[in-house]
Each structure stands twice: as C-alpha cells, then as structure tokens.
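*Asks:* Under the working numbering, the first residue of the sequence shown is numbered 267, with each subsequent residue one higher.
The structure's right below; bear with me while I get my questions together.
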Amino acid sequence: MLHLGLSHGSSVSLGIDIGTTTIKAAELSSNKKGLFALTNYAMLETAGNMDHVNNALQSSSLKPLDSDLISYLTLLKKEARFETNKVTASLPAFTAFTTLLEMPEMNTKDISQSLSIEAKHYVPIPISAATLDWIKVGEKVYPDGSKKQLIFLVSIPNEKIEHYHTIFAESGFQLESYEIENMSAVRALTWKLPEPQLLIDIGGRSTALSVGHAG
C-alpha cells in the first residue's frame, strides 16, 4: 500500500528508509534562510505482498532480496513523482558495528589517523573491508584531573554500502549519502533539548533503543 502526500518546492533533498516491512521516503525543500519544509512523502507497506516465507525486506539474519527492493523502490519513485532522484539513505542499525572509545585530547586529523589503527581492535571485520566514521560525544574527567574525549565509532561493511548503491541505481535513484538510522533520529529528536533523551524505535520486526543528548 502506498501512502502519498504531494506538494511542490525547490532546492530539494530526498531521504529514503528501507525497513523490514516498509519503505518510507521524505522530500524536503529549503528556502534562502536555510529553513526546511516537507514537500513530499511516501510510505510503501510490503507486509503480506511478498512471496518469500520470511516476509521481510531485510533483517539482521536475512540477506535482502534485490528483486523485491528494486521492484518496490521503482514503484515508489513512479507513484510519488519526486522532484529529485538523488537520495540520502537510512541504514538499519544492524548493518553497522558501533562502540564508544576513550581517547586522549587531540585534533580532528589526529583522531582520524588514530582511529584507523585503534579500530581494528574493535571492528569484527578487516578494516580494509569497512567504512569508518566517528563523532565526539563527550568527555571523561578522571580523579587526577586528566581528561579523555569520548568518541562514538561507527563502521559499516563496504559490501553493504556497495549493495545499497546498486539497489538504488537499478531503481532509478542516485545514492549520494547514507547514515545509520539511530544517529539521524537522535540528532533530529534531541535538537535543543537540555537533558539526555531515551529514544525507542519500534519497528516491524525489532525495537531499537538509543540515548542522545544535544550537547
């Protein structure tokens, strides 16, 4: 079932989230003041419409079926009539490995260089087979007064990224960027909130809990 909401705008950005049983899309337009408005959205529900027994587009224990994803994304594109085919994709949390690291105070360049070495102790696949990203999420002060910065490390298998590029290309889209869904949700829903927030995302097959703070 497709759920559509149509309008018009310019300077648009399109985000698509592929869940276990639904595909959701939101198109935003920005004005000269840098403010965004929702100009188009769509949701395609696949539950009950797929032939395979698992009845899921993707999950942590099931390889996604390319033919299903391409078919549904193509239908979404046709019916929603988006103004752009350039996409930012939301990746499910189970596609990535994340961990929190403590590191000495250093600049951004040195952090990136250090993580490429340090990450191999935490990432369960060869570093050459993964794409790494990180964000500073806080500081820890020890009793002796010394400080360490808290770094949230994210690694995504290159194979998964390449798969998404292929799926979107075959569906008539151009994948320009991607982000783990938990991180984008936390950033959007904790904006300007002074206290840490617990976010509970109840999906079709799994529930994810995240804690975020605007900082």
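All residues carry an ideal CB built from backbone N, CA and C; glycine is no exception.
In this structure, does DSSP put D334 in helix, strand or coil?
*Replies:* DSSP places D334 in helix when its eight states are reduced to three.
*Asks:* For V389, count neighbouring C-beta atoms within 10 Å of its own C-beta (all shown protein chains included) and say buried if the count is 16 or more, exposed if not.
*Replies:* Buried.
*Asks:* Closer than 8 Å by C-beta to S277: which residues in its own chain qualify, once you throw out the five before and the five after it? Chain order, please.
*Replies:* So the list reads S295, S296 and N297, once near-sequence residues are dropped.
*Asks:* Is the region 373–392 in contact with the region 333–350, if contact means three or more CB pairs nearer than 8 Å?
*Replies:* Counting Cβ pairs under 8 Å, fewer than three are found: no touch.
*Asks:* What span of residues does the beta strand (DSSP E) with M309 cover, start to end?
*Replies:* Here the beta strand (DSSP E) through M309 covers F302 to E311.
*Asks:* Is there contact here, the region 369–383 with the region 396–415, by at least three beta-carbon pairs under 8 Å?
*Replies:* Flag = yes, the region 369–383 and the region 396–415 touch.
*Asks:* Would you mind giving the Cβ-Cβ distance between I362 and I422, rounded to the nearest angstrom? I have them listed as a contact below 8 Å.
*Replies:* It should be pointed out that residue 362 corresponds to Ala in this sequence rather than to Ile. Their Cβ separation, rounded to whole angstroms, is 5 Å, which keeps A362 and I422 in contact under 8 Å.
*Asks:* At what residues does the alpha helix (DSSP H) containing M449 begin and finish?
*Replies:* Note, M449: alpha helix (DSSP H), E447 to L455.
*Asks:* Suppose the cutoff is 6 Å on Cβ atoms and the five residues either side in sequence are ignored; what does the same chain contact list for V403 look like?
*Replies:* These residues qualify, in order along the chain: L416 and F418.
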